[in-house]
Amino acid sequence: PAPPGPAAALLQALGLPDVPRGAPRSRPVPPVMWRLFRRRDHREARADPRRMPPGATLLPCHVEELGVAGNIVRHVLDRGAAARPPEPSSAVGQCPEWTVVFDLSAVEPAERPSQARLELRFAAAEATVGTTGSWELSVAPAGAGLGPVGLRQVVPTLGLPVRAELLGSIWARNASAPRSLRLTLALRHRTPAVCARLAEASLLLVTLDQRLCHPLARPRR
Amino acid sequence: EAEPPVGGGSVGACRARRLYVSFREVGWHRWVIAPRGFLANYCQGKCALPAVLSEPGGTPALNHAVLRTLMHAAAPGTAGLPCCVPARLSPISVLFFDNSDNVVLRHYEDMVVDECGCR
């Protein structure tokens, strides 16, 4: 139930339609979000001259570390993980395709996306241990099929997270956020039947709510 | 926690006073990851002469405020004294969990009072 009186008004002003119910048990805070917070937090940034030299000011409504405009950053976990069937063994000869689902219902229509970065972690299946050479990642809107539509990206190694920018390919730049983003992924190696396993998928979404940003005020003469 | 507002005539000149907002006090600590609170501060103080001319290095007073103070000194029954309000503000960023279990970093302008002035 919405809190009474002034708390509701303040939450509304903070862009929170209802009181968040609290920290989900199984949700650690991703390091990238801590890093962005410490960079944005004025006291922390001021405390560390390496991050913000004295006299420098943080641009309002700009995410320095990502180099894009924005005043809201969300780290969204894949909802499809729970429903994904166990990976078929690669003996089947055909590497699996995965469907990932991101719930974006919390994004308001007034927010303009400035970055939608897909982040994937793969686990090399036993058959691929020691496999050299690069892989190819394909991403497409679910249901569109992994044909010419969508995004293809070379993945040199499975040891690091794989990042793919969706804005401009899967997601039109000036389109507002859908309520839910469903994608089909596939990761292929040039050696047939060499497959990997999708361990985790997340989306780092940066949006700009212009209503909450001051125009860059010129310093007083 | 706030610097106790000073009552009566000895309120002193217009300036920023300490006000710390603890998210635990407002019951938000379960979903706000960081910070635990922040110094919001508030403005209080008289805007009569000479305070309205603001301390050296402070925010220059507006001519209108000085004019009103002079008028008030000459004819107290006319327009009241100028108000002691925020003259420079800073933003804060808040890291929290939303109801979709997303980790969200939001940047809020004008949350901390750095300087006050007579307006």
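So the sequences go chain by chain: Y and H. Each residue of the first sequence is one higher than the one before, starting from 14 at the first, in this note's numbering. Each residue of the second sequence is one higher than the one before, starting from 1309 at the first, in this note's numbering. Positions of the beta carbon are idealized from the N, C-alpha and C atoms, including for glycine.
Exercise. Start and end of the beta strand (DSSP E) containing PHE50 (chain Y)?
Worked result: Here residue 50 (chain Y) is taken as the residue at index 37 of the first sequence, counted from 1. Here PHE50 (chain Y) belongs to no beta strand (DSSP E); instead the alpha helix (DSSP H) covers 44-53.
Exercise. Considering only residues of the stretch 161-225 of chain Y, which uninterrupted beta strand (DSSP E) runs meet the minimum length of 3 residues and lie entirely inside it, listed in chain order?
Worked result: Here the runs fully enclosed are 164-168, 175-178, 193-202 and 209-221.
Problem set entry | Proximity test, Cβ basis, 7 Å: HIS202 (chain Y) and chain H | If you number the first sequence from 1, residue 202 (chain Y) lands on position 189. Chain H, which has no Cβ nearer than 7 Å to the Cβ of HIS202 (chain Y), makes this no.
Exercise. Going straight from the alpha carbon of VAL42 (chain Y) to that of ASN1349 (chain H), what length do you get?
Worked result: The sequence position of residue 42 (chain Y) within the first sequence is 29, counting from 1. The sequence position of residue 1349 (chain H) within the second sequence is 41, counting from 1. Note on geometry: alpha-carbon atoms of VAL42 (chain Y) and ASN1349 (chain H) lie some 29 Å from one another.
Exercise. Do you know how far the Cα of GLU1311 (chain H) is from the Cα of ASN1324 (chain H)?
Worked result: Numbered from its first residue, the second sequence carries residue 1324 (chain H) at position 16. Numbered from its first residue, the second sequence carries residue 1311 (chain H) at position 3. Note that residue 1324 (chain H) is Ala in the sequence shown, not Asn. Approximately 10 Å between the Cα atoms of the pair.
Exercise. Expressed to the nearest angstrom, what Euclidean distance is found between the alpha-carbon atoms of PHE135 (chain Y) and GLY172 (chain Y)?
Worked result: As a first step, residue 135 (chain Y) must be located in the first sequence, where it is residue number 122. As a first step, residue 172 (chain Y) must be located in the first sequence, where it is residue number 159. Using only the alpha carbons, I get a separation of about 8 Å.
Problem set entry | is_contact[LEU1397 (chain H), chain Y] using C-beta, thresh 7 Å | Numbered from its first residue, the second sequence carries residue 1397 (chain H) at position 89. Not closer than 7 Å to any Cβ of chain Y, the Cβ of LEU1397 (chain H) fails to qualify, so no.
Exercise. List, in order along the chain, the chain H residues whose C-beta lies closer than 9 Å to that of GLY172 (chain Y)?
Worked result: Counting from 1 along the first sequence, the entry for residue 172 (chain Y) is found at position 159. None at all; the shortest Cβ gap to chain H is about 24 Å.
For this session: Compare the C-alpha of ASP1418 (chain H) against each of Y:PRO19, Y:ALA20, Y:LEU225 and Y:GLY18 and name the closest.
Result: The sequence position of residue 1418 (chain H) within the second sequence is 110, counting from 1. Here the closest residue by C-alpha is Y:LEU225.
For this session: Compare the C-alpha of GLY87 (chain Y) against each of Y:GLY80, Y:PRO126 and Y:PRO109 and name the closest.
Result: Taking the first residue of the first sequence as position 1, residue 87 (chain Y) is located at position 74. According to the sequence provided, residue 87 (chain Y) is Arg. The question's Gly does not apply to it. The alpha carbon of ARG87 (chain Y) has as its nearest neighbour, out of Y:GLY80, Y:PRO126 and Y:PRO109, the alpha carbon of Y:PRO126.
Problem set entry | 6 Å CB neighbourhood of HIS1380 (chain H) in its chain, flanking five on each side removed | Within the second sequence, the letter at position 72 stands for residue 1380 (chain H). Around HIS1380 (chain H): LEU1389.
For this session: Can you pull the chain H residues whose beta carbon is under 9 Å from the beta carbon of PRO109 (chain Y), in chain order?
Result: Counted from its first residue, the first sequence places residue 109 (chain Y) at position 96. By Cβ distance, chain H contributes nothing, its closest Cβ being about 26 Å from PRO109 (chain Y), past 9 Å.
Problem set entry | Local conformation of LEU1375 (chain H) per DSSP, three classes | As a first step, residue 1375 (chain H) must be located in the second sequence, where it is residue number 67. Annotated three-state conformation of LEU1375 (chain H) is helix, per DSSP.
Exercise. At what residues does the alpha helix (DSSP H) containing ALA20 (chain Y) begin and finish?
Worked result: Position 7 of the first sequence, counted from the start, is the residue given in the question as residue 20 (chain Y). That run of the alpha helix (DSSP H) goes 18-26.
For this session: Tell me, please, which residues DSSP counts as bridged to GLU79 (chain Y).
Result: Mapped onto the first sequence, residue 79 (chain Y) falls at position 66. The sequence given here places Leu at residue 79 (chain Y); Glu does not occur at that position. In the DSSP output, where bridge partners are listed per residue, LEU79 (chain Y) has none listed.
Exercise. VAL120 (chain Y) to GLY35 (chain Y), Cα distance in whole Å?
Worked result: Within the first sequence, residue 120 (chain Y) is the residue found at index 107, counting from 1. Within the first sequence, residue 35 (chain Y) is the residue found at index 22, counting from 1. Spanning the two alpha carbons is a distance of roughly 18 Å.
Exercise. How about CYS1355 (chain H) and ALA1395 (chain H): do their beta carbons lie closer than 7 Å?
Worked result: For the purposes of this step, residue 1355 (chain H) is taken as residue 47 along the second sequence, with counting starting at 1. For the purposes of this step, residue 1395 (chain H) is taken as residue 87 along the second sequence, with counting starting at 1. Not closer than 7 Å, so no.
Exercise. Taking Cβ-Cβ distances below 9 Å as the criterion, which residues of the stretch 1405-1419 of chain H are in contact with chain Y?
Worked result: Close to chain Y, meaning a Cβ-Cβ distance shorter than 9 Å, are the following residues of the stretch 1405-1419 of chain H: PHE1405, ASP1406, ASN1407, SER1408, ASP1409, ASN1410, VAL1411, VAL1412, LEU1413, ARG1414, HIS1415, TYR1416, GLU1417 and ASP1418.
For this session: Using DSSP bridges, identify the partner residues of PHE115 (chain Y).
Result: Position 102 of the first sequence, counted from the start, is the residue given in the question as residue 115 (chain Y). According to the DSSP secondary-structure assignment, PHE115 (chain Y) is paired through a beta bridge with Y:LEU194.
Exercise. Which whole-angstrom value is the C-beta distance of PRO33 (chain Y) and PHE1405 (chain H), which I expect to be below 8 Å?
Worked result: Position 20 of the first sequence, counted from the first residue, corresponds to residue 33 (chain Y). Position 97 of the second sequence, counted from the first residue, corresponds to residue 1405 (chain H). The Cβ separation is near 6 Å, so the contact holds.
Exercise. Buried or exposed: which applies to SER103 (chain Y), given that a residue is buried once 16 or more other Cβ atoms fall within 10 Å of its Cβ?
Worked result: The sequence position of residue 103 (chain Y) within the first sequence is 90, counting from 1. Unreliable placement is indicated for SER103 (chain Y), whose pLDDT of 45 sits below 50; the coordinate value is still reported in the next sentence. With 16 or more other Cβ atoms within 10 Å, it is buried.
Exercise. On the three-state DSSP scale, how would you describe VAL1360 (chain H)?
Worked result: For the purposes of this step, residue 1360 (chain H) is identified with residue 52 of the second sequence, where counting begins at 1. Here VAL1360 (chain H) sits in helix by DSSP.
Exercise. Would you say LEU1361 (chain H) faces chain Y, with C-beta separation under 7 Å as the test?
Worked result: For the purposes of this step, residue 1361 (chain H) is identified with residue 53 of the second sequence, where counting begins at 1. For LEU1361 (chain H), the answer is no, since every Cβ of chain Y falls outside 7 Å of its Cβ.
Problem set entry | Top-ranked residue by Cα proximity to LEU131 (chain Y), from Y:ARG52, Y:LEU218, Y:PRO122 and Y:ARG186 | For the purposes of this step, residue 131 (chain Y) is taken as the residue at position 118 of the first sequence. Of the listed residues, the one whose Cα sits closest to LEU131 (chain Y) is Y:LEU218.
For this session: Just tell me which of Y:LEU221, Y:GLY18, Y:THR204 and Y:ALA214 has its CA closest to the CA of GLU149 (chain Y).
Result: Stepping through the first sequence from its first residue, residue 149 (chain Y) is reached at position 136. Residue Y:THR204 is the option with its Cα nearest to GLU149 (chain Y).
Exercise. Quick one: is ILE85 (chain Y) near chain H, going by C-beta distance under 7 Å?
Worked result: Stepping through the first sequence from its first residue, residue 85 (chain Y) is reached at position 72. Interface flag for ILE85 (chain Y) against chain H is set, since a Cβ pair is found closer than 7 Å.
Problem set entry | Residues in the stretch 113-135 of chain Y having any Cβ partner in chain H nearer than 7 Å | Within the stretch 113-135 of chain Y, the residues whose Cβ lies closer than 7 Å to any Cβ of chain H are, in chain order, ASP116, SER118 and ALA119.
For this session: Determine, using beta carbons only, whether ASN84 (chain Y) and HIS1415 (chain H) come nearer to each other than 7 Å.
Result: Counting from one through the first sequence, the residue named residue 84 (chain Y) turns up at place 71. Counting from one through the second sequence, the residue named residue 1415 (chain H) turns up at place 107. Yes, these two residues count as a Cβ contact at 7 Å.
For this session: Under 9 Å between beta-carbons, which chain H residues line up against VAL89 (chain Y)? List them in chain order, please.
Result: Locating residue 89 (chain Y) in the first sequence gives position 76, counting from the first residue. Against chain H, the beta carbon of VAL89 (chain Y) has neighbours under 9 Å at SER1408, ASP1409, ASN1410 and VAL1411, listed in chain order.
For this session: List the residues of chain H whose Cβ lies closer than 8 Å to the Cβ of ALA36 (chain Y), in chain order.
Result: The residue given as residue 36 (chain Y) occupies position 23 in the first sequence. Here the neighbours are ARG1338, TRP1339, ILE1341 and PHE1405.
For this session: Can you grab the Cα-Cα spacing for the pair ALA60 (chain Y) / TRP1339 (chain H), in whole Å?
Result: The residue labelled residue 60 (chain Y) in the question sits at position 47 within the first sequence. The residue labelled residue 1339 (chain H) in the question sits at position 31 within the second sequence. In this prediction, ALA60 (chain Y) scores a pLDDT of 49, lower than 50, which makes its location untrustworthy; the coordinate-derived value is nonetheless stated afterwards. If you take the alpha carbons of ALA60 (chain Y) and TRP1339 (chain H), they lie about 25 Å apart.
Problem set entry | Candidates Y:PHE115, Y:GLN107 and Y:ALA26, of which the one nearest LEU90 (chain Y) by Cα | Position 77 of the first sequence, counted from the first residue, corresponds to residue 90 (chain Y). The shortest C-alpha separation from LEU90 (chain Y) is found at Y:PHE115.
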